[in-house]
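Single-structure report; data block below.
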Amino acid sequence: MEILILPTAAHAERLAARLVADRLKAKPDLVLGCATGRTMEGIYESLVGLARAEQLDFSRAHTFNLDEYVGLGADDERSYHHYMEEKLFSRVNLREEHTHLPNGVAADLAAEAASYEQRIRAVGGIDLQLLGLGNSGHIGFNEPLSSLMSRTREKALAPQTRQQNAGMFGGDPEKVPPRALTMGVGTILEAREVIMVVTGAHKAKILATATEGPITSMVSATALQLHPHCHVLVDEAAATELVGRDYYQWTFHNEPDWAPYHDLLS
Ligand code: GLP
Numbered sequence: 003m004e005i006l007i008l009p010t011a012a013h014a015e016r017l018a019a020r021l022v023a024d025r026l027k028a029k030p031d032l033v034l035g036c037a038t039g040r041t042m043e044g045i046y047e048s049l050v051g052l053a054r055a056e057q058l059d060f061s062r063a064h065t066f067n068l069d070e071y072v073g074l075g076a077d078d079e080r081s082y083h084h085y086m087e088e089k090l091f092s093r094v095n096l097r098e099e100h101t102h103l104p105n106g107v108a109a110d111l112a113a114e115a116a117s118y119e120q121r122i123r124a125v126g127g128i129d130l131q132l133l134g135l136g137n138s139g140h141i142g143f144n145e146p147l148s149s150l151m152s153r154t155r156e157k158a159l160a161p162q163t164r165q166q167n168a169g170m171f172g173g174d175p176e177k178v179p180p181r182a183l184t185m186g187v188g189t190i191l192e193a194r195e196v197i198m199v200v201t202g203a204h205k206a207k208i209l210a211t212a213t214e215g216p217i218t219s220m221v222s223a224t225a226l227q228l229h230p231h232c233h234v235l236v237d238e239a240a241a242t243e244l245v246g247r248d249y250y251q252w253t254f255h256n257e258p259d260w261a262p263y264h265d266l267l268s
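Letter by letter, the sequence shown follows residues 3 to 268 of this note's numbering.
What follows is the structure, encoded as structure tokens:
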């Protein structure tokens, strides 16, 4: 795992978008794992900007989202499906049949989960997985005690998560669907590369727990410490609780891999 500290959230978002664009240029049939939430909004906005400025071609790419609420269809504006249509799918030349989200209104959710795993395998697995970090320490909707080997399945949401996501539901956590379909921690760990983006002072504690704390199913993001190719992009505000902060500051400025990205700071 590598933590990169950028001055602001906008810098972290721009770096994430830049990395997606570069991976797509290197592999036009990229399989991109997509996340949702507020953190991702700036990333998709930046990516759409890059797509326009640099004529990025998504026509051979595939996307797989992490999760979807049970009971919300694609036409429900509170669904992640709708979020993705609005923020990314309708704004780049992704083919509709190449965009995948778990179907939260499937009659048989267990069968839907199994078929989702099968669809990921059928395109050769996920090349690059984008992640946010929930206040409960979750990735996707892998709430506390999710098995670190779990696969796509139905999961009950933690009260803290329903609280965090209440904004889209009139501010009322009780209106947030209680269950979701989510890729498992094991599914996420199989992605060939992972980029987690964590910004804002409110994430400082959980970021430190997730990256520097012991690996535990109580905080599913700690499993990323096992991943051989995981970058965590954070802003100064989220970095305040990190014990290794000075070293991570050094990394972005000195590791040769990151030299091509220094112009993002200007
Ligand atoms: C939701 C999603 C997660 C996401 C999290 C972070 O719970 N299921 O995949 O990482 O939100 O949200 P935000 O970026 O709004 O803090």
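Note that CB positions come from ideal geometry on N, CA and C, so glycine has one too.
Answer with buried or exposed for residue i, where buried requires no fewer than 16 other C-beta atoms within 10 angstroms of its C-beta.
i    : result
P180 : exposed
D69  : buried
A124 : exposed
H64  : buried
T189 : buried
E267 : Going by the sequence as given, residue 267 is Leu instead of Glu. Looking at its Cβ environment, which holds fewer than 16 other Cβ atoms inside 10 Å, L267 is exposed.
M151 : exposed
R16  : buried
H13  : buried
G35  : buried
Tell me which residue opens and which closes the alpha helix (DSSP H) that residue i is part of.
i    : result
M86  : Y82 to K89
D248 : R247 to N256
A1   : Shown here, the chain extends from 3 to 268; a query on residue 1 therefore has no answer.
I190 : V187 to L191
T163 : P161 to Q166
What residue range is occupied by the uninterrupted beta strand (DSSP E) comprising residue i?
i    : result
D69  : D69 to Y71
R16  : Premise fails: R16 lies in the alpha helix (DSSP H), A11 to A28, not in any beta strand (DSSP E).
V273 : Not covered by the structure: residue 273. The range shown for the chain is 3 to 268.
V125 : Segment: none, V125 is in no beta strand (DSSP E) and carries neither H nor E.
F235 : According to the sequence as given, residue 235 is Leu; it is not Phe. Segment C232 to D237, the beta strand (DSSP E) holding L235.
R40  : R40 -> not in any beta strand (DSSP E); alpha helix (DSSP H) instead, spanning R40 to A55.
Would you kindly check if the distance between the Cβ of residue j and the Cβ of residue i is under 8 Å?
i    : j    : result
Y263 : I7   : no
L191 : A225 : yes
L74  : L26  : no
T41  : Y85  : no
L60  : L96  : Here residue 60 is Phe; the residue named in the question, Leu, does not match the sequence. Closer than 8 Å, so yes.
L133 : I122 : no
A193 : T242 : no
G139 : S48  : no
Q227 : M3   : yes
D129 : L32  : yes
A240 : K205 : yes
H102 : F66  : yes
F171 : R80  : yes
Just checking, does the stretch 152 to 159 make contact with the stretch 200 to 215 on the three C-beta pairs under 8 Å criterion? In short, these stretches do not touch, since the Cβ pair count stays below three.
Three or more C-beta pairs below 8 Å linking the stretch 194 to 203 and the stretch 232 to 240: Judged by pairs of C-beta atoms under 8 Å, the stretch 194 to 203 touches the stretch 232 to 240, as three or more such pairs exist.
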